[in-house]
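Comments concern the structure below.
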């Protein structure tokens, strides 16, 4: 039987890691292991891959990550407790076989927290959902449609949040992103993407898919999304959106 592309990539990565280990003297290997202490084996692999097997760059990146885990992550607020529950993880899979992380962008409310606080809260969600011992990648779907009761921010007001996400997530969760799908993208938001895209590294930018379409409150998802998510998965994500709509309406009614 033929090997799957995923299996071939994993075997190629394992060969690279074995070669990497053979190139080190015992003293160098011990020193590297000591500096990476505190990171799981899967994390060490992901950081090495992210730094293209540059051992010193990987060690420095892991050191900064562990410092962030110690000093910043414990301060993270929790989505759904004082902040909108704008992020959900689904057990459903995209067409490439990855789990889906669904974000309702219109729920971002800058009056409740800073962009940095939102980014840290999302980092907490990722850290709680995905094991540090896992090499799992996810497909992130950002739903840009507005909704009754949502904050419905203007596209440019999202820039501080987006910049914070870029500064927090890639350095601390390298090799977690399989694909980022932003949809539907109205023409007015394309200028924002032009600004944001220059902030991304080449690898991350290559994983971004923009699917154009109207983003009104009652507009359906573009048909082109079916190339990435089948109809059953889209229905599950829409059920998450409907739950969020009901939550904000219920909360508003009690106030």
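In this note's numbering, the protein residues as written are 170 to 424. Beta carbons are placed, not taken as given, at the ideal position from N, Cα and C, and that holds for glycine. Predicted, not measured: the structure shown is a model, and the values here were computed from it.
Taken through DSSP and simplified to helix, strand or coil, residue 247 comes out as coil. Relative to the Cα of residue 241, the nearest Cα in the group 222, 288 and 316 belongs to 288. Counting of Cβ neighbours within 10 angstroms places residue 422 among the exposed residues, the total staying below 16. In the DSSP secondary-structure assignment, residue 256 is bridged to 272. Sixteen is the threshold: since fewer than 16 other Cβ atoms of the shown chains lie within 10 Å of the Cβ of residue 251, the residue is exposed.
Rounded to the nearest angstrom, the gap between the Cα atoms of residue 301 and residue 397 is 26 Å.
Under the Cβ criterion (8 Å, minimum of three pairs), the stretch 262-271 does not count as touching the stretch 314-327. Taken through DSSP and simplified to helix, strand or coil, residue 407 comes out as helix.
The distance from the Cβ of residue 413 to that of residue 254 is about 7 Å, consistent with a contact at the 8 Å cut-off. Judged by DSSP secondary structure, residue 352 falls within the beta strand (DSSP E) whose first and last residues are 346-354.
Sequence-distant Cβ neighbours of residue 327 in its own chain, meaning closer than 8 Å and more than five residues away, are 274, 277 and 361. Per DSSP, residue 299 lies in no alpha helix (DSSP H) segment and is marked neither H nor E. Within the same chain, 335 come within 7 Å of residue 369 by CB-CB distance, once the 5 residues on both sides are set aside.
Per DSSP, the unbroken beta strand (DSSP E) holding residue 311 starts and ends at 307-312. Between residue 354 and residue 380 a beta carbon distance of about 6 Å is seen, short of the 8 Å cut, so the two are scored as contacting. Residue pairing for residue 378: DSSP places it in a beta bridge opposite 350. Take the alpha-carbon of residue 395 and the one of residue 280: they are about 35 Å apart. DSSP lists 268 as the bridge partner or partners of residue 262. In terms of Cα proximity to residue 297, the closest of 206, 342 and 375 is 342. In the displayed model, residue 277 falls within coil according to three-state DSSP, outside both helix and strand.
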